[in-house]
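Quick note: the sequence shown, position 286, residue 391 per our numbering, numbers continuous. Each residue gets a CB set at the ideal place from its N, CA and C atoms; glycine is no exception. What follows is a short report on a single structure.
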Amino acid sequence: MYTQSMSVPDEAGSRVVQPLPSTEPADRMARFDARIDADGRIEPQDWMPEAYRKTLVRQISQHAHSEIVGMLPEGNWISRAPSLKRKAILIAKVQDEGGHGLYLYSAAETLGTSRDEMLNALHTGRAKYSSIFNYPTLTWADVGVIGWLVDGAAIMNQVPLCRCSYGPYARAMVRICKEESFHQRQGYEALMVMMRGTPAQREMVQDAVNRWWWKCLAMFGPPDTDSPNSAQGMRWGIKRVSNDDLRQQFVDATVPQAQLLGVSLPDPLLKWNEERQHYDYGPVDWDEFWHTVNGHGPYNKERLATRVKAHNEGAWVREAALAHARKMQERTLREAA
Ligand SMILES: [Fe+2]
Ligand SMILES: [Fe+2]
């Protein structure tokens, strides 16, 4: 799952993608532009401007990082799920997120950056991931709300990526979106069950909604007026819908779901606007968003430390897989000789 950091630079400070270098040979550039204009796909073997390649590596790797860091807040609840059924669902969901990371690292590798390089950037704090995962999951209701709202926001953002101009990314997103849809539904269903339970359970759901709502709105990234990368991303067919339009779609889709669930959304300015045919909503706290994006959220350090620890502890698995692959290759060569 994932969203906003895709338009956020990895290194703090620079917030604008470099303009297209003027040194690109004109005919190759013209062919690339024509393919983009015709809504065609760019494939790994095709020539592409360096800035397009760099933007995609940054976006797809940040997306991949978000998938695997996103496993952590919910993974903490696997051993504490309230029933065997909930545990099985949660294990499947967390495993899906690991799979999403796998497809996305593979897609990014087709652009010429190795997985080791990408993981190294994550583990040394140079790469960003979705800052939604830098908050704690305090109760079981948080697991339901993450499925409903966080995965819900991710779907809103990711469905347009199935039409991304870069083929491997677009194809990976088709499967990811199908799985995210299951994530969203399992979360909503778990909350439905809790809302039919005791007053304490209902309060737990409302509390979780109150804590996650604004963070989910921030997932769509800064307002369009403050998103310098967006226009270039749109031109390249990487970004299809603007941050504010996606955020509005999310609000419009979520309000009726909240009503059905029986929870309130913590925004006194949330109101149907007959003229616009959309819900109006209050201002997002962007200072808090940037504070967390820049590494100072409540769980930034903890998430990164857990990820690095998991990576180090998995070293023997990678070594064993490589040794096995070498053996198989040797056997194939021997048999062919
Ligand atoms: Fe998900
Ligand atoms: Fe995912």
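On the DSSP letters alone, give me the boundaries of the beta strand (DSSP E) that Y384 sits inside.
In the sequence shown, the residue the question calls residue 384 occupies position 279. Run containing Y384: H383 to D385, per the beta strand (DSSP E) assignment.
Does DSSP put R431 in a helix, a strand or coil?
Your numbering for residue 431 matches position 326 in the sequence shown. In this structure, R431 counts as helix in the three-state DSSP scheme.
Just reading off the beta strand (DSSP E) that N378 is part of, what are its end residues?
Taking the first residue of the sequence shown as 1, we reach residue 378 at position 273. Residues K376 to N378.
Considering only the beta carbon of each residue, do V310 and V250 sit closer than 9 Å?
As a working note, residue 310 is residue 205 in the sequence shown. As a working note, residue 250 is residue 145 in the sequence shown. In contact: V310 and V250 (Cβ atoms closer than 9 Å).
R191 and A452 - do their beta-carbons sit closer together than 9 Å?
Limits of the chain in this structure are 106 at one end and 442 at the other, which puts residue 452 out of reach.
Grouping DSSP H, G and I as helix and E and B as strand, with all else coil, what is Y293?
As a first step, residue 293 must be located in the sequence shown, where it is residue number 188. Helix.
In the structure shown, what three-state DSSP assignment does A117 receive?
Here residue 117 is taken as the residue at index 12 of the sequence shown, counted from 1. Bear in mind that a pLDDT of 44 at A117, under 50, signals an unreliable position, so the model cannot answer this.
DSSP three-state label for Y271, please.
In the sequence shown, counting from the first residue as 1, residue 271 sits at position 166. Looking at Y271 - three-state DSSP - the assignment turns out to be strand.
The alpha helix (DSSP H) that contains W243, what's its start and end?
Numbered from its first residue, the sequence shown carries residue 243 at position 138. Reading off the sequence, residue 243 comes out as Leu, not Trp. From DSSP, L243 is part of no alpha helix (DSSP H); its letter is neither H nor E.
Look at the alpha carbon of G402 and the alpha carbon of S235, and state the distance between them as a whole number of angstroms.
Counting from 1 along the sequence shown, the entry for residue 402 is found at position 297. Counting from 1 along the sequence shown, the entry for residue 235 is found at position 130. G402 and S235: Cα-Cα distance of roughly 12 Å.
In this structure, does DSSP put I343 in helix, strand or coil?
Taking the first residue of the sequence shown as position 1, residue 343 is located at position 238. Of the three classes helix, strand and coil, the one that applies to I343 here is coil, per DSSP.
Does the beta-carbon of D201, which I'm using as the reference point, lie nearer than 8 Å to any heavy atom of ligand 1?
For the purposes of this step, residue 201 is identified with residue 96 of the sequence shown, where counting begins at 1. D201 Cβ: within cutoff of ligand 1.
Measure the C-alpha to C-alpha separation of P265 and A441 and round it to an integer number of angstroms.
Start at 1 with the first residue of the sequence shown, and residue 265 comes out as number 160. Start at 1 with the first residue of the sequence shown, and residue 441 comes out as number 336. Their Cα atoms are separated by approximately 47 Å.
Give the secondary structure of E424 by DSSP, where H, G and I count as helix, E and B as strand, and everything else as coil.
Mapped onto the sequence shown, residue 424 falls at position 319. Residue state, collapsed to three classes: helix.
Considering just the uninterrupted stretch of the alpha helix (DSSP H) at A197, what are its terminal residues?
Here residue 197 corresponds to residue number 92 of the sequence shown, with the count starting at 1. Run containing A197: L189 to E214, per the alpha helix (DSSP H) assignment.
Can you tell me the Cα-Cα spacing of G272 and R412, whole angstroms?
Counted from its first residue, the sequence shown places residue 272 at position 167. Counted from its first residue, the sequence shown places residue 412 at position 307. About 29 Å.
Would you be able to state if there are at least three C-beta pairs under 8 Å between the segment 346-359 and the segment 297-311?
With a cut-off of 8 Å, the segment 346-359 and the segment 297-311 do not count as touching, because too few Cβ pairs lie within range.
Could you check the C-alpha separation between E214 and K320 for me, to the nearest Å?
Taking the sequence shown and counting its residues from 1, the one referred to as residue 214 is at position 109. Taking the sequence shown and counting its residues from 1, the one referred to as residue 320 is at position 215. If I take the Cα positions, the gap works out to 30 Å.
Rounded to the nearest angstrom, what separates T218 and G342 at their Cα positions?
Here residue 218 refers to the residue found at position 113 of the sequence shown. Here residue 342 refers to the residue found at position 237 of the sequence shown. Each residue's alpha carbon lies about 21 Å from the other.
Could you please give the first and the last residue of the uninterrupted alpha helix (DSSP H) stretch that includes T411?
In the sequence shown, the residue the question calls residue 411 occupies position 306. N405 to E418 is the extent of the alpha helix (DSSP H) around T411.
What does the alpha-carbon distance come out to for the pair M278 and Q263?
Within the sequence shown, residue 278 is the residue found at index 173, counting from 1. Within the sequence shown, residue 263 is the residue found at index 158, counting from 1. Approximately 7 Å between the Cα atoms of the pair.
Do T359 and L374 have their CB atoms nearer than 9 Å?
Residue numbering aside, residue 359 sits at position 254 when the sequence shown is read from its first letter. Residue numbering aside, residue 374 sits at position 269 when the sequence shown is read from its first letter. Taking 9 Å as the Cβ cut-off, T359 and L374 do not qualify as a contacting pair.
Could you give the distance in angstroms between the alpha-carbon of Q291 and the alpha-carbon of S335?
Your numbering for residue 291 matches position 186 in the sequence shown. Your numbering for residue 335 matches position 230 in the sequence shown. Distance between the alpha carbons of Q291 and S335: 32 Å.
In this structure, how does DSSP classify M111 when only helix, strand and coil are distinguished?
Residue mapping note: residue 111 aligns to position 6 of the sequence shown, counting from 1. Because M111 carries a pLDDT of 49, less than 50, the predicted location of this residue cannot be relied on, and the following value inherits that uncertainty. Here M111 sits in helix by DSSP.
Between L195 and V248, which are expected to be in contact by the criterion C-beta below 8 Å, what is the C-beta distance as a whole number of angstroms?
Position 90 of the sequence shown holds residue 195. Position 143 of the sequence shown holds residue 248. Right, their Cβ atoms sit about 7 Å apart.
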